[in-house]
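Trainee: Before I ask anything, here is the structure I am working with.
In the working numbering, the protein residues as written are 1 to 66.
What follows is the structure, given as structure tokens:
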């Protein structure tokens with residue numbers, strides 16, 4: 001599955017790295033592409049990964065996701 005999440009609160013490349021690493025740590029996530037300009041995180045993961053898990057990981061890293 002591939003899904004997109006709107007991420008708010010990112011202001012620099014460091015923020016992108018924090019979000020990327022937080023989502024990559026979820027078991028079942030294959031790829032994460034976070035774009036600072038658009039504020040979009042594209043996540044490719046297997047079916048066992050829920051939207052709630054991804055949103056929680058982003059929120060726990062200090063940013064907001066929808």
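Positions of the beta carbon are idealized from the N, C-alpha and C atoms, including for glycine.
Are the CB atoms of residue 45 and residue 70 within a distance shorter than 7 Å?
Mentor: With the chain covering 1 to 66 only, the question about residue 70 has no answer from this structure.
Trainee: Can you tell me whether residue 78 is buried or exposed? The criterion is at least 16 other CB atoms within 10 Å of its CB, across all chains shown.
Mentor: Nothing can be reported for residue 78, as the shown portion of the chain is limited to 1 through 66.
Trainee: Do residue 7 and residue 52 come within 7 Å of each other at the CB atom, strictly closer than that value?
Mentor: no
Trainee: Count the other CB atoms, across all protein chains shown, that sit within 10 Å of the CB of residue 41; report buried if there are 16 or more and exposed otherwise.
Mentor: By the beta-carbon neighbour count (other beta carbons within 10 angstroms, threshold 16), residue 41 is buried.
Trainee: If I measure Cβ to Cβ from residue 61 and keep anything under 7 Å in the same chain, skipping five residues before and after, which residues do I get?
Mentor: 18, 19 and 22
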